Amino acid sequence: MSQAAPFVLAVPSKGRLQENANAFFARAGLDVVRGRGVRDYRGALAGMDGVEIAFLSASEIVSQLAAGTVHMGVTGEDLVRETLPDADAKVELLTPLGFGNANVIVAVPQAWIDVRTMADLEDVASAYRARRGERMRVATKYVNLTRRFFAEQGVTDYRIVESLGATEGAPAAGQAELIVDITTTGATLAANALKVLDDGVMLRSEANLVASVTADWNTTTRDIARAILGRISAEEEARTTREVRAMVSGDRAKLVRDAEAEFGVRAIFGVPKDGPLSLVAPKKKVADLADWLIARGAEHVTVAQMDYVFQARNGLYDRLAARIG
Numbered sequence: 005m006s007q008a009a010p011f012v013l014a015v016p017s018k019g020r021l022q023e024n025a026n027a028f029f030a031r032a033g034l035d036v037v038r039g040r041g042v043r044d045y046r047g048a049l050a051g052m053d054g055v056e057i058a059f060l061s062a063s064e065i066v067s068q069l070a071a072g073t074v075h076m077g078v079t080g081e082d083l084v085r086e087t088l089p090d091a092d093a094k095v096e097l098l099t100p101l102g103f104g105n106a107n108v109i110v111a112v113p114q115a116w117i118d119v120r121t122m123a124d125l126e127d128v129a130s131a132y133r134a135r136r137g138e139r140m141r142v143a144t145k146y147v148n149l150t151r152r153f154f155a156e157q158g159v160t161d162y163r164i165v166e167s168l169g170a171t172e173g174a175p176a177a178g179q180a181e182l183i184v185d186i187t188t189t190g191a192t193l194a195a196n197a198l199k200v201l202d203d204g205v206m207l208r209s210e211a212n213l214v215a216s217v218t219a220d221w222n223t224t225t226r227d228i229a230r231a232i233l234g235r236i237s238a239e240e241e242a243r244t245t246r247e248v249r250a251m252v253s254g255d256r257a258k259l260v261r262d263a264e265a266e267f268g269v270r271a272i273f274g275v276p277k278d279g280p281l282s283l284v285a286p287k288k289k290v291a292d293l294a295d296w297l298i299a300r301g302a303e304h305v306t307v308a309q310m311d312y313v314f315q316a317r318n319g320l321y322d323r324l325a326a327r328i329g
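Note that the numbering used here has the sequence shown beginning at 5, numbered continuously upward.
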């Protein structure tokens, strides 16, 4: 009997993206193990049978997700949107991962003091063509994103110059009048005397956990996905919430309902008749919740960080299941 094909999870093969992806999975108790060393392009998830790790470039991950040869992968949203014109039909962006942050932007020379918006750019582009008899040049590696965004903004008098090197240097080198590029801090743009248009942020990108809609989603691979996403959801819930415990009297059910409406909390084990009340609250609202409980009679309020919060309903898997049927 032939062995069932593995669940394939693709992670970046090198650099900071790989380090961050490995750390992300490790927080969820899913350690990425590389076989024979850094040159091995296959690995495993420790303690998770039936999973094969594929170490690929971020752009290869997008292509293989679209082709259905990997089930899930970690890659940037900018690459997904650029590489796949019909991205939403082929993949599902399950959750942003909090690293690999960058914006795809439209930047023009700082000397263009009267050009601040895309509408201004259209006026300049029309004047440029009328004066010189040719379209203004836009240097970019993001050809598809540029075409879609410029069309949405009504900018038509331009032509794309595909950038093979440092895009931000194209205007100074006389290769283009403006650029579309990715930036994190904007320092490189400023160093090249460029500025981002006020409405020129095309995409706020970061690394995402992305699932293929076209992969082989059989019973085994679905079960593996449910287990992986369950651990990721449990870690995320624990990281972003805290357990708040307090002794309160009176109408506890009403108090929980009021706290839910005010702070978005929920009772972990229901509403007990006596003993401490245990609530899960968003981390950023814990201090306000504690003050609120003390104002309603609590003598002490304790706050604890949790390692994992597993729940019967797995929101990440529900999103995947809705796409794969």
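Where is the CB? At the ideal position from N, CA and C, for every residue including glycine.
For clarity, every value in this text was computed on a predicted model and none was experimentally measured.
C-beta atoms of residue i and residue j nearer than 8 Å
i      : j      : result
Thr245 : Lys277 : no
Leu34  : Met52  : yes
Pro10  : Val55  : yes
Ala242 : Tyr312 : yes
Leu293 : Val269 : yes
Ala263 : Leu283 : yes
Thr218 : Gly329 : no
Val15  : Ala25  : yes
Arg256 : Leu281 : yes
Pro113 : Ala197 : yes
Assigned exposure category for residue i - 16 Cβ within 10 Å defines buried
i      : result
Glu81  : buried
Glu172 : buried
Ser318 : Here the sequence assigns Asn to residue 318, which means Ser is not the residue at that position. Asn318 comes out buried.
Arg235 : buried
Ile186 : buried
Lys199 : buried
Ala238 : buried
Arg163 : exposed
Thr225 : buried
Ile232 : buried
Phe59  : buried
Glu156 : exposed
Asn105 : exposed
Beta-carbon proximity list for residue i, same chain, < 7 Å, skipping 5 on both sides
i      : result
Ala302 : Ala250, Met251, Val252
Phe153 : Met206
Ala143 : Val165, Ser167, Thr171, Ala174, Gln179, Ala180, Ile183
Glu86  : Tyr146, Asn148, Leu149
Met310 : Ala242, Glu247
Phe314 : Gly234, Ala238
Thr192 : Glu172
Sequence-distant residues of its chain with Cβ nearer than 6 Å to residue i (five each side left out)
i      : result
Ser6   : Because Ser6 sits at a pLDDT of 45, beneath the cut-off of 50, its placement in the model cannot be relied upon, and the point is left open.
Phe29  : Val36
Ile109 : Thr187, Val200, Gly204, Val205
Asp202 : Arg120, Thr121
Ser63  : Leu83
Per DSSP, the bridge partner or partners of residue i
i      : result
Arg208 : Asn107
Ile57  : Leu13, Gly47
Thr187 : Asn107
Thr79  : Asn212
Glu303 : Note: Glu303 sits in no beta bridge, so no partner.
Met52  : Leu49
Glu166 : Thr144
Leu182 : Val142
Arg38  : Gly47
Spatial neighbours of residue i in its chain, beta-carbon cut-off 8 Å, leaving aside the 5 residues before and after
i      : result
Ala129 : Arg139, Met140, Val159, Thr160, Asp161, Tyr162
Could you tell me which uninterrupted alpha helix (DSSP H) segments, each at least 4 residues in length, are contained entirely in the region 128-163, listed from first to last along the chain? Counting only runs of 4 or more, we get 147-156.
Minimum length 4: unbroken alpha helix (DSSP H) runs contained in the region 232-296
Complete alpha helix (DSSP H) runs here, min 4: 256-267.
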